[in-house]
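In our numbering, the protein residues as written are 394 to 533.
In structure tokens, the structure reads:
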């Protein structure tokens, strides 16, 4: 698997409420879309975030970056690609690419870094069965 092959992809049609007065998607919505694609990674492995939380764990965002390349607009059909780039102890790093489906224009790229915490918000290691599933996906 190449370093740019996504581990999961989500599709979203830009809703009017996601745009700002300039007629383009409001910048913070890209982070929401990153989450949509990140959750699809779990689903692709037969896992769910709901299950993860039921087991007493949460994934907290500790760092987020977005680089905007071209604006998305109302009614654009977009694809959000997500990859797990790093996994170490309680730390996880994901990368993303947002593309307009119609013409394959790169709209944004980004990454988020997370730590696994328990219900009392203490940092904890990623449970072994999740770590194994993620590592298997990363190794192709």
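For each residue, glycine too, the CB sits at the ideal point set by N, CA and C.
For residue i, I'd like the list of residues in its chain whose CB is within less than 7 Å of its CB, leaving aside the five on either flank, ordered along the chain.
i, result
"residue 409", "467"
Could you give the first and the last residue of the continuous beta strand (DSSP E) run that contains residue i?
i, result
"residue 406", "401 to 406"
"residue 511", "499 to 511"
"residue 480", "470 to 481"
"residue 489", "484 to 493"
Give the C-beta separation of residue i and residue j to the nearest angstrom, bearing in mind that I take them to be a contact with Cβ-Cβ under 8 Å.
i, j, result
"residue 486", "residue 504", "6 Å"
"residue 450", "residue 517", "7 Å"
"residue 528", "residue 480", "6 Å"
Report the option in the options whose CA atom is closest to the CA atom of residue i.
i, options, result
"residue 428", "489, 414 and 484", "489"
"residue 526", "455, 465 and 477", "477"
"residue 454", "510, 531, 524 and 533", "510"
"residue 439", "522, 497 and 532", "522"
"residue 519", "513, 452, 461 and 495", "452"
"residue 496", "514, 469, 426 and 422", "469"
"residue 484", "508, 502, 494 and 498", "508"
"residue 419", "514, 500 and 506", "500"
Step through the CB atoms of chain B and report whether any lies within less than 8 Å of the CB of residue i.
i, result
"residue 453", "The chain inventory of the structure shown lacks chain B, comprising one protein chain alone."
By Cβ distance below 6 Å, which residues in the same chain neighbour residue i in space, the five residues on each side in sequence not counted?
i, result
"residue 339", "Residue 339 falls outside the range modelled here, since the chain spans only 394 to 533, and no answer is possible."
Starting from residue i, follow the alpha helix (DSSP H) in both directions and report where the run begins and ends.
i, result
"residue 522", "521 to 531"
### Query
Where are the beta strand (DSSP E) runs, 3 residues long or more, that stay fully inside the stretch 419 to 466, in chain order?
Runs found: 450 to 461.
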